[in-house]
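>
Residue numbers (the working numbering), protein chains in the order written: chain A, 1 to 367; chain B, 368 to 734; chain C, 735 to 1101; chain D, 1102 to 1468.
Here it is as structure tokens:
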């Protein structure tokens, strides 16, 4: 069985690849083992955030030059998931997910295992609809198999990169006599994230197959996955899926656990997630325990009701600062205050990922 | 001895005075008892934040019409302290400080008492310099006397509204052959806040009189007050000072306590402040205790080092969102996650108010 | 016949009413003659722009106190149209429209005349639909009669303040078994502006009655009015209409003319509008002519195609600055560079008001 | 004598190098002839604008791969001048400056010639001071010689990329017992731009050598160059200088001319610059003439007086949108409305480059 590695590296700017370069140079990480690059970049996290493209390009150049292959090949083999927005105390960084060929014994304790899968390419008219939900669910199961994870309850985080609709893609559907879920590019991101999340929910038995429908996507918010984290990007037409869970016999020294924040200030859920990997916290994590934490992953969104704990918030009416920016600042501050570290991964846009205004939170820690 | 009242009221917009109007109508509060109006308004909290002026005007109109006096008289008799910026979960609201003539016995337990004082008007060349520090220190002592607070350690929050330099004021000094601390209006706000905070520190024995000097203001950051909260406004040339502390025999059913956040994610300090008024917290405040809390008051600023807990933050380099906005989002999220309520008072700009990147945090609660 | 007065006054802040106060004090303007207050205030012009409410409140307080009547009565009798956003060189100001009882002779040359009318209150389900279009058209004709304007071609600017849908209003319709045009508050502003503009177009014969339908509103962009300028506000449920045109025998010394900007940089249209009131311009207005200009009124929007003159613009993808802010900066700069004065009125959101990406531009000048 | 080529290419994103790649592929431009890449990128143009770094990196990768050399060598041989900010109608693009070895006859008419020079590296304490002014002046003369331009009046645009002070650089000076002009990184950019511009002014006889001093830099604003365009970057310690002018016998089919905008809405200056290359304009450029224009280059800044043509502007008090963003939106709109094309180069920050609130404007056109 393969061995998962998860390494968090600080970045001094969106083009900074020096940390990973050093790991390669020192032999601590083999360039060919890299499965995924998950970055928190310092743009606005919204439409015109080019820090995501910059970081992707910089890491593709590094990997291509190091491995002596084309950038196109790197793009095919490695998943690049970029989440823009380091509001508040959030600290720009990249998390490298890697997997070495061997290691582990089938009889050992459950440890972190990472599985990867892709869906087929979607047609524009499938994006944000049931075809996407079902195909994503299938691929999530395939990624579980790839990871050697048997039970749904051993899956703790499913990171998905999904496509969106551009005007060209919508036009292509229209020419073939098909309609799309929305012609608004920005809105299509939400539908794609939502359908992908419901695919996770379906695969893991979190949502009732009988209740998921085209109409329910981005509408029936009580349908939720507690472990899905999805983000839409323009550069692909399929879903790239990274399943993280614990598997018996995985050769890693890491474990993963999760909980669900019921709202943006739900510190108890963060403590529950930490507790699930054996880090018990009253107020803040003790120094000794802090060293065990590799990273925390969470989704954030402004509560669509306009209220948090019965108090009016102003995030949805703010025409100067996008509400996702506010939400990331809040959730990251809550997590940082508990783990004592602002270099965590908090991403915006949480359709069907936890309850409205809340979202999944997962922890990877040394066992 | 007089009885302090502190009432927190939600606002639906910067012009919403309906809550206070209802309190007057119901007889729960006598209009003439109002000492100060401390609001958290939903603007950007920076230079062009007109929500502060709007709220001030709206409350002045209400009080003037209710009491049948001119708006000018209201402006002279009531302190209006407006802090703009409700980033993240912060919920717009106003805190009304009032004081009724009688109540309390000299022999009772220590309870919240509020004292008010003004400095003389400053000359432009005195703003942000030692003349301001000394005169503010004198007025803080006067406000303590007004509140019947004997000991420095019984003072837990000193809210000061201080002046700033406009180009006209700087020019006036220049014509008289005097120079001012800075000709930059925005910078002068920091100097004025800093000198006022050092005045508090001097009055309460927090800073060594021998070390405070013109050069030390906004430079020697280890000189700090743990209870000062100062904000600069264009509409006055003196300092308006509200001292909050506990006094034996005060007739209020409220108490106040405080602590100092060492950085923006210092949840432990928030728990210490709560503990100091008898609310003991592990993670978050219990529901029963939550009802005791009247409001939490804190200062926030982006750590000037560019780092929080050794991690690079991006607040100081963000040209889209002012760093004070980021800082308020963070500190309010941390406090809200602990007290379970986002309607708290967090204000930006913390020169000499707690350590760099941190700031005072105070709690008023029912005894 | 009554005499129209149009006076432009600089504002030093959203609460500054000193200019109008002076006009009253000097007797140059009678408080009771004020028909409308049209302001360009220095907020963001988007959802959380409270400078509009602040200015409205400040002028209502001034007028109520001056005339010795309630603020409610002022709100009923005077139209307050607030346009937020003074991007680029735009200079905050208010334009006061007034009308004195007498003056003019039926035989004189055509001069500026101002007419006012209101529609009935709309039901929520009527907003943004044909009921609104027809009722607005009727009221525009009534305002023309009020102004003594006979021909459609003598109408050069129709300023309308129209309602929007809040969640309460949508809910009210739903309870009565009716659906609304959209449940999105922000979107409802566009539908209301669009339907009001089509009402103007219908009244003036600019659009073919047979082609206007519920489906065409905010969809068939070739249906346009060349003189409509509409803005939505939360404080009313009907439309307030101010028609400006030239009428024979009007006693004013002012005239009005207009043209239509085909895109945001269409300087020629600005020159045509100036030419229509007898100010002929090659590059920029000559000093002597500049003194004749009272104000220029224009609508601005980011070209929805994503292109201006075949060049990609980035306004629609900018998540830091709202596209209406960009558009106002551009159109006002073009106008200011031609008239040599940045204190002009440029308002955003131009549905069915001129062509996509363009908009009406009108000039009021001394004859 | 060498032949100058200037090619403007639209960009679809900060990483888009496809246009230049096509030019190389078609043989229209030889990769080795590229002297400078001057881009207008779609970031905020302020501190955290990473579109500049992204575009630089993308073009360096393209040139390095095309020429088969290292990126470091490309960085040494080609000047990359990135100006962020495409506010309003500004359209993202790159202008490629190239020079082929031969062409032209000494007896021909004056045509565009481009000269390049570098200063020596500066010590931190020299940045923003007279040492920088003098060394820059020397290098400007050297670049004139390189271009074969004899007279100062034949120089029409001098683009300079200059260094700035980081905290490390200031600390280095301090350790050697030297002080720097400012320890504020953002402010040091202004000093460096200002000193570089005065270097141009000195070289071209625009400013009196006797009046330029350390104290005058960024203080005596009447000292100006009418052709300097300077921008500061962190990646160098010297100045890279590109002189553009007309030289007898230059083999190009291009000419250059300039004027100076007295303020941000000075359309007449734009017309003068066009007139200086033989394009005579009343209102807007005629279609036939439009095709002659290769690009327009201008500097923009918010008038530091707070007024434009006697009207208050709000750019300097806007804490949501940086004043340089407003200024670029205005100047580009004015230029675009005259030349009928929004794909022009307008850059912010104009210390000693034209008068306060104004700036140089240059035109390169086909002869």
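All residues carry an ideal CB built from backbone N, CA and C; glycine is no exception.
With a cut-off of 8 Å on the beta carbons, I'd call residue 1450 (chain D) and residue 1332 (chain D) a contact; round off their distance for me.
Taking the fourth chain and counting its residues from 1, the one referred to as residue 1450 (chain D) is at position 349. Taking the fourth chain and counting its residues from 1, the one referred to as residue 1332 (chain D) is at position 231. Between residue 1332 (chain D) and residue 1450 (chain D) the Cβ distance is about 7 Å, and since that is below 8 Å, they are a contact.
> Going straight from the alpha carbon of residue 1229 (chain D) to that of residue 1320 (chain D), what length do you get?
Within the fourth chain, the letter at position 128 stands for residue 1229 (chain D). Within the fourth chain, the letter at position 219 stands for residue 1320 (chain D). The alpha-carbon atoms of residue 1229 (chain D) and residue 1320 (chain D) are separated by roughly 12 Å.
> With a cut-off of 8 Å on the beta carbons, I'd call residue 481 (chain B) and residue 387 (chain B) a contact; round off their distance for me.
For the purposes of this step, residue 481 (chain B) is identified with residue 114 of the second chain, where counting begins at 1. For the purposes of this step, residue 387 (chain B) is identified with residue 20 of the second chain, where counting begins at 1. Contact flag wrong, Cβ pair sits at about 17 Å.
> Does chain D have any CB closer than 7 Å to the CB of residue 57 (chain A)?
As a position in the first chain, residue 57 (chain A) is number 57, starting the count at 1. Output row for residue 57 (chain A): interface = yes.
> Using a Cβ cut-off of 8 Å, which residues of the stretch 684-718 of chain B contact any Cβ in chain D, in chain order?
For the stretch 684-718 of chain B, which is checked against every Cβ of chain D, the residues closer than 8 Å are 684, 685, 686, 687, 689.
> Suppose the cutoff is 8 Å on Cβ atoms and the five residues either side in sequence are ignored; what does the same chain contact list for residue 1312 (chain D) look like?
To locate residue 1312 (chain D), count along the fourth chain from 1; it is residue 211. Contacts found: 1321, 1324.
> List, in chain order, every chain C residue whose beta-carbon is nearer than 9 Å to that of residue 381 (chain B).
Here residue 381 (chain B) refers to the residue found at position 14 when the second chain is read from its first residue. Result: 784, 787, 788.
> Do you know how far the Cα of residue 998 (chain C) is from the Cα of residue 1096 (chain C)?
By 1-based counting over the third chain, the position of residue 1096 (chain C) is 362. By 1-based counting over the third chain, the position of residue 998 (chain C) is 264. In a straight line, the C-alpha of residue 1096 (chain C) is about 15 Å away from that of residue 998 (chain C).
> Can you tell me which of C:981, C:962, C:826, C:1100 puts its alpha carbon nearest to the alpha carbon of residue 874 (chain C)?
Start at 1 with the first residue of the third chain, and residue 874 (chain C) comes out as number 140. Cα-wise, what sits closest to residue 874 (chain C) is C:962.
> Counting beta carbon pairs with one atom in the stretch 377-385 of chain B and one in the stretch 167-183 of chain A, are three or more of them shorter than 8 Å?
Result no; under three Cβ-Cβ pairs closer than 8 Å.
> So the candidates are B:606, B:500, B:637, B:528; which of them puts its Cα closest to the Cα of residue 580 (chain B)?
Translated into the one-based positions of the second chain, residue 580 (chain B) becomes position 213. Measuring from the Cα of residue 580 (chain B), the nearest candidate turns out to be B:500.
> In whole angstroms, what is the alpha-carbon distance linking residue 81 (chain A) and residue 36 (chain A)?
Locating residue 81 (chain A) in the first chain gives position 81, where the first residue counts as 1. Locating residue 36 (chain A) in the first chain gives position 36, where the first residue counts as 1. Each residue's alpha carbon lies about 7 Å from the other.
> Is any beta-carbon of chain A found at less than 7 Å from that of residue 781 (chain C)?
As a first step, residue 781 (chain C) must be located in the third chain, where it is residue number 47. Judged by the 7 Å Cβ criterion, residue 781 (chain C) is in contact with chain A.
> Counting only Cβ-Cβ distances shorter than 9 Å, please list the residues of the stretch 498-517 of chain B near chain C, keeping chain order.
Within the stretch 498-517 of chain B, no residue has a Cβ that lies closer than 9 Å to any Cβ of chain C.
> What separation, rounded to the nearest whole angstrom, lies between the Cα atoms of residue 283 (chain A) and residue 779 (chain C)?
Locating residue 283 (chain A) in the first chain gives position 283, counting from the first residue. Locating residue 779 (chain C) in the third chain gives position 45, counting from the first residue. Each residue's alpha carbon lies about 43 Å from the other.
> Taking the alpha-carbon positions, what's the residue 1220 (chain D) to residue 722 (chain B) distance?
As a first step, residue 1220 (chain D) is located in the fourth chain; it is residue number 119 there, counting from the start. As a first step, residue 722 (chain B) is located in the second chain; it is residue number 355 there, counting from the start. Distance between the alpha carbons of residue 1220 (chain D) and residue 722 (chain B): 44 Å.
> Comparing alpha-carbon positions, which option in C:1075, C:1041, C:1074, C:752 lies nearest residue 1061 (chain C)?
Walking along the third chain from the start, residue 1061 (chain C) turns up at place 327. Out of C:1075, C:1041, C:1074, C:752, C:1041 has the C-alpha closest to the C-alpha of residue 1061 (chain C).
> Below 7 Å between beta carbons: does that hold for residue 713 (chain B) and residue 665 (chain B)?
Position 346 of the second chain, counted from the first residue, corresponds to residue 713 (chain B). Position 298 of the second chain, counted from the first residue, corresponds to residue 665 (chain B). In this structure, residue 665 (chain B) lies closer than 7 Å to residue 713 (chain B) by Cβ.
> With a threshold of 7 Å between beta carbons, is residue 291 (chain A) in contact with chain B?
As a working note, residue 291 (chain A) is residue 291 in the first chain. No, residue 291 (chain A) does not count as interfacial toward chain B.
> Determine the chain A residues that contact residue 680 (chain B) at a beta-carbon separation under 8 Å, and present them in chain order.
Here residue 680 (chain B) refers to the residue found at position 313 when the second chain is read from its first residue. Per Cβ cutoff of 8 Å: 86, 88, 89, 90, 91, 342.
> Using the beta-carbon count (16 or more within 10 Å), is residue 1247 (chain D) buried or exposed?
Within the fourth chain, the letter at position 146 stands for residue 1247 (chain D). Classification of residue 1247 (chain D): buried, given that the 10 Å Cβ count is 16 or more.
> Specify the secondary structure class of residue 1470 (chain D) as computed by DSSP and reduced to three states.
The requested residue 1470 (chain D) does not occur in the structure, where chain D is confined to residues 1102 to 1468.
> Across which residues does DSSP place residue 246 (chain A) in a beta bridge pair?
To locate residue 246 (chain A), count along the first chain from 1; it is residue 246. Note: residue 246 (chain A) sits in a beta bridge opposite A:112.
> Keeping to the same chain, check which residues put their C-beta closer than 6 Å to that of residue 619 (chain B); ignore five residues upstream and five downstream.
Looking up residue 619 (chain B) in the second chain gives position 252. Around residue 619 (chain B): 370, 371, 478, 479.
> Are residue 54 (chain A) and residue 1155 (chain D) touching if we call contact CB-CB under 7 Å?
One-based indexing of the first chain puts residue 54 (chain A) at position 54. One-based indexing of the fourth chain puts residue 1155 (chain D) at position 54. Yes, the Cβ-Cβ distance between residue 54 (chain A) and residue 1155 (chain D) is below 7 Å.
> Determine the closest residue to residue 1262 (chain D) out of D:1109, D:1108, D:1179, D:1433, with distance taken between C-alpha atoms.
Your numbering for residue 1262 (chain D) matches position 161 in the fourth chain. Checked all of D:1109, D:1108, D:1179, D:1433; the closest Cα to residue 1262 (chain D) is D:1179.
> So that I know if they touch, is there some Cβ in chain C lying closer than 7 Å to that of residue 1377 (chain D)?
Position 276 of the fourth chain, counted from the start, is the residue given in the question as residue 1377 (chain D). For residue 1377 (chain D), the answer is no, since every Cβ of chain C falls outside 7 Å of its Cβ.
> Would you tell me roughly how many angstroms separate the C-alpha atoms of residue 636 (chain B) and residue 1077 (chain C), rounded to the nearest one?
Walking along the second chain from the start, residue 636 (chain B) turns up at place 269. Walking along the third chain from the start, residue 1077 (chain C) turns up at place 343. Roughly 51 Å between the two C-alpha positions.
> Tell me the DSSP secondary structure of residue 332 (chain A) in three-state form.
Translated into the one-based positions of the first chain, residue 332 (chain A) becomes position 332. It is helical.
> Using a Cβ-Cβ distance cut-off of 7 Å, determine whether residue 8 (chain A) contacts chain B.
For this step, residue 8 (chain A) is matched to residue 8 along the first chain. Cβ-Cβ to chain B under 7 Å: no for residue 8 (chain A).
> As a quick exercise: from C:940, C:974, C:905, pick the residue whose alpha carbon is nearest that of residue 927 (chain C).
The residue labelled residue 927 (chain C) in the question sits at position 193 within the third chain. Taking only the C-alpha atoms, the option nearest residue 927 (chain C) is C:974.
> Extract the residue ranges of the beta strand (DSSP E) inside the stretch 1199-1281 of chain D, only unbroken runs of 3 or more that lie entirely within it.
You should have 1211-1219, 1256-1263.
> Round the Cβ separation of residue 1239 (chain D) and residue 825 (chain C) to the nearest angstrom and send it over; I've been treating them as touching at under 8 Å.
Translated into positions along the fourth chain, residue 1239 (chain D) becomes position 138. Translated into positions along the third chain, residue 825 (chain C) becomes position 91. 44 Å between Cβ atoms; not a contact.
> For residue 660 (chain B), which of helix, strand or coil comes out of DSSP?
Working through the second chain from its first residue, we reach residue 660 (chain B) at position 293. Of the three classes helix, strand and coil, the one that applies to residue 660 (chain B) here is strand, per DSSP.
> Considering only the alpha carbon of each residue, which of D:1270, D:1243, D:1170 lies closest to residue 1284 (chain D)?
The residue given as residue 1284 (chain D) occupies position 183 in the fourth chain. Here the closest residue by C-alpha is D:1270.
> Quick one: grab the DSSP three-state call for residue 50 (chain A).
Translated into the one-based positions of the first chain, residue 50 (chain A) becomes position 50. It is coil, neither helix nor strand.
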